[in-house]
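Worksheet for the structure shown next.
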Amino acid sequence: MPNMEQRHTSQSSLLLPHSPKNPLLIKMASGLPLRHPAQGFNASQQLIKSDRGSMLTMSDDNVMMKQIVGTHAPDGREVDVKPLLLLVEDILKRATLQIDSSLTTSQAHAEMEDKTYHVNFVSMLDALSYTIDRISSEIAYKALGGTDAHATTVSLFNMLTSYSWDAKLVLTLAAFALNYGEFWLLAQISSSNQLAKSMAILRQLPSIMEQSGPLKPRFDAINNLIKVTMDLARCVVEFKDLPPAYISNEVPALSTAMAHIPTAVYWTMRSVVACAAQITSLTTMGHEFSISTTDAWELSTLAHKLSNILDHLRKQLDTCYQYIDEKRNVESFQMLKNLFEMIHIDNMKVLKALIYAKDDIQPLIDGSSKKRVHLDVLRRKNVLLLISGLDMSSDELSILEQIYNESRHHGSRLDSQYEVVWVPIVDRSVQWSDPMKEKFESMQSSMPWFTVYHPSLIEKAVMRFIKEVWHFRNKPILVVLDPQGKVVCPNALHMMWIWGSSAFPFTSLREESLWKDETWRLELLVDGIDPVILNWIKEGKYIFLYGGDDVEWVRKFTNTARAVAQAARIPLEMVYVGKSSKREKIQRVIATITVEKLSYVWQDLTMIWFFWTRLESMLYSKIQLGKLDDHDPMMQEIKKLLSYGREGGWAVLSNGSNVVVNGHRTTVLQTLLEYDLWKEQVPVKGFDLAFRDHQGRIHDISRPCCRFDFPMTTGRIPETMKCPECNQTMEKFSTFLCCHDEVIPDELFK
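The numbering of the sequence shown is our numbering, which starts it at 778 and goes up by one.
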């Protein structure tokens, strides 16, 4: 241990350049020998030439590194070098503003001024300052004596034999910062401080500054080398800070990096020696130096070598971080799964795990006030998590908002019992861009419910859980949590589309109950969409609900149906509900129907979208409940209608609420065209039964194919499915589809 006088001297020598105490006085008191300028000139030239030669001739790095590794005998002491590295960075940053740094001076200074941190820092300096002084003196003395750069570096390794690799490096940088900071401190304040001016003259700084033009390439080379040196030092320290709980030397990336750390430390320390030699040469040779040495080859070569080492280590470090992230994500994912298997007194633990675990920020935006709020606003409430990407359609948002607002108007019963929270899922591999930001903010501002403040709050493990456990595949889902945070429905969006807010509390049990009470009737298809049709139902009219994208079929079907209704003397209304896809083509069909007054038509495409979405939701609801292929006549009819919608035209005939026929376009149109063949049965059986019987006979002769398309973005796709026509297990295909409004001419394929 150093004596008290040595300890006091060492601590004082680490003051920042802007300190009121001048570190130069301490350096003078350290007893460094003064040499004649001529002697220094010859020695420094010898050092520079020998350094150049050694870099060119020392080809066997293995032999050199064996020598360096042979000096390494750590005694197990742990040194937290990060605060010291921050101090070094602060000195170098203030010494010359040309040096770029990833950590700003204000950031470094703020960290160093933390009181708790400062106490530990001073204690650490008390233990290390003597060693730093010794290294500083060793570098300065060897530079004045013209010692070979490699030999000087080896002597430093011998001096630091008991320290870890990162400690060796940072202690050497601290010693360099001591001398380098002193050099620039004099240069910076000599014009305003007489003592500094006198000291600068003694160090030949005025002469050096007068030659700043010719010396600029050399200063630039020094600055560049210092920057790369600091970057590499930070990289080495980062490896030391990797959490051992998540990564070990058995991981190839870390073991590879650890094998290269000694080489990185050697060349970094050697670069420090080279920079110190340049500064020493400047102060001992002055003007003569600027004329005789203008080539910065050594420094540039070292900078290039360090850059290559840094690139390699950064790649390994990135791989290590990726490995750690994956391990942490796996751990967090498993913890999340376990959390949902536990019983909780409220929903706070679950919501914090899903949205944001800390209490340092308010992670939600209140849709009504547009103010940020804490998760506590959701405590002990039914929470509906609306999970989607940024591509949620305006149709979905507008209908969902309508249902949400209607439920709020029903009074405090529903209002106080459930809340909706939008959880945006954004692919982390896609860089966050201005268009994405604008889209997110636009969606967020339009939502009347709670929203997560920013997509970045949702952790990777949570996104994995949502995708793997809750089967999110880009299409929006609505996961329902009860007041204790238990999942009571994996996706309530289907029942919300079908039954609206009357499906509250949106549990799977409620969904089953609603299906038990449901029957195959026209209201099931159009309820909540168009009051005009509901009025027709009340009036007991015959109603044709029809769709498709073939204008000629639409024209022929509507004209024939109207003629049959007149002949049979029945009150008939018709409404065109389009198709689930090909919007532009549907718009053209709507325009034709309107101009030719073929039938009543939904002009609002959102109504058409909602009709088909509700229909698909009925299918997905049954899939989710595991009752897709139950012998349920109502479900068979829904499946038929979805299949006919995919295959082209179709029509559903009802008498008031009662559905008479649900048929493919070919069978329904043919039944109407063959009215003369079954009109005699109308007075006997009634129009309903007569129409159904004849359509059934045609259907049995030319039974159409059934087809169901499930996008890969759909969360739950059934493994098997039975045909609603023949009850046989359907064949399964993988289809690549690209829909266009215009038909591609056959000639293109010839």
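Every residue gets a Cβ at the ideal spot worked out from N, C-alpha and C, and that includes glycine. Since this is a predicted model, take the numbers as computed values, not measurements.
Exposed unless 16 or more other CB atoms sit within 10 angstroms - verdict on residue i
i	result
glycine 853	exposed
aspartate 903	exposed
methionine 1240	buried
glutamine 1343	exposed
threonine 1390	buried
histidine 813	In this predicted model, histidine 813 has a pLDDT of only 37, less than 50, meaning its place in the structure is not dependable enough to derive any value.
alanine 1054	buried
asparagine 1124	buried
glutamate 1361	exposed
alanine 1022	exposed
isoleucine 868	buried
alanine 920	buried
proline 810	Note that proline 810 scores a pLDDT of 34, beneath 50, so its modelled location is shaky; the value from the coordinates is reported in the next line. Label assigned to proline 810: exposed.
glutamate 855	exposed
alanine 1467	buried
isoleucine 1056	buried
glutamate 915	buried
threonine 1296	exposed
leucine 1286	exposed
Which listed residue (the options) has its alpha carbon closest to that of residue i
i	options	result
leucine 1255	Ile1243, Asn1268, Gly1262	Asn1268
serine 1534	Lys1237, Glu1218, Met1220	Residue 1534 is absent from the model: the chain starts at 778 and stops at 1527.
isoleucine 1243	Ala1130, Leu1177, Trp1386	Ala1130
cysteine 1052	Trp1074, Pro1253, Pro1039, Ala1280	Trp1074
tryptophan 1386	Gly1324, Gln1401, Ser932, Ala1368	Gly1324
asparagine 1085	Glu1457, Phe1334, Thr1040, Trp1313	Thr1040
methionine 1169	Lys1252, Arg871, Glu1183	Lys1252
threonine 1444	Arg1469, Asp1307, Gly1463	Arg1469
methionine 1384	Ile1314, Gly1425, Gln1179, Trp1313	Gln1179
histidine 843	Ala952, Leu972, Tyr1043	What sits at residue 843 in the sequence shown is lysine, not histidine. It is Tyr1043.
leucine 1076	Ala926, Val865, Val1341	Ala926
proline 1282	Val1264, His1441, Gly958	Val1264
glutamate 1015	Leu1430, Glu1108, Asp857	Asp857
lysine 1158	Leu1128, Ser1210, Met1395	Leu1128
glutamate 1173	Ile1202, Trp1274, Val1459	Trp1274
9 Å Cβ cutoff met for residue i and residue j
i	j	result
isoleucine 1122	glutamine 1261	yes
methionine 1411	lysine 1404	no
leucine 1079	leucine 1009	no
serine 939	proline 994	no
methionine 1351	phenylalanine 1321	yes
leucine 1375	glycine 1355	no
leucine 1454	alanine 1338	no
leucine 905	leucine 861	yes
valine 1198	valine 1229	yes
tyrosine 1353	isoleucine 1367	yes
leucine 1155	leucine 1141	yes
serine 1278	glutamate 1183	yes
lysine 859	serine 941	no
valine 1013	leucine 946	yes
aspartate 910	alanine 872	no
tyrosine 957	alanine 1030	no
lysine 1399	tryptophan 1276	no
glutamine 758	glycine 1425	In the structure displayed, the chain extends from 778 to 1527; residue 758 sits before or after that span and is not available.
valine 1160	valine 1257	yes
Range of the contiguous alpha helix (DSSP H) that encloses residue i
i	result
proline 1201	Counting along the chain, proline 1201 falls outside any alpha helix (DSSP H), though it belongs to the beta strand (DSSP E) covering 1195-1201.
methionine 1351	Here methionine 1351 belongs to no alpha helix (DSSP H); instead the beta strand (DSSP E) covers 1349-1353.
threonine 1371	1360-1373
phenylalanine 1110	1074-1116
isoleucine 1275	1270-1276
tyrosine 1133	First-last for tyrosine 1133: undefined, no H or E at that position.
Distance cut-off 8 Å: residue i Cβ against heavy atoms of the ligand COA
i	result
valine 1461	In the structure on display, the ligand COA does not appear, and there are no ligands present to speak of.
First and last residue of the uninterrupted beta strand (DSSP E) at residue i
i	result
alanine 1428	1427-1432
leucine 1161	1159-1165
phenylalanine 934	Counting along the chain, phenylalanine 934 falls outside any beta strand (DSSP E), though it belongs to the alpha helix (DSSP H) covering 926-936.
histidine 849	Histidine 849 -> no beta strand (DSSP E), and no H or E assigned at all.
phenylalanine 1227	1227-1229
histidine 1441	1435-1441
tyrosine 1397	Element bounds for tyrosine 1397: not the beta strand (DSSP E) but the alpha helix (DSSP H), 1382-1402.
valine 1256	1254-1258
Say whether the segment 1216-1228 touches the segment 1088-1097, bearing in mind that this needs 3 or more beta-carbon pairs closer than 8 Å, one atom from each stretch.
no
(message) When you compare the segment 1094-1110 with the segment 1038-1053, are there three or more beta-carbon pairs, one atom per stretch, that lie closer than 8 Å?
(response) no
With three or more beta-carbon pairs closer than 8 Å as the criterion, would you say the segment 1291-1305 touches the segment 1427-1442?
yes
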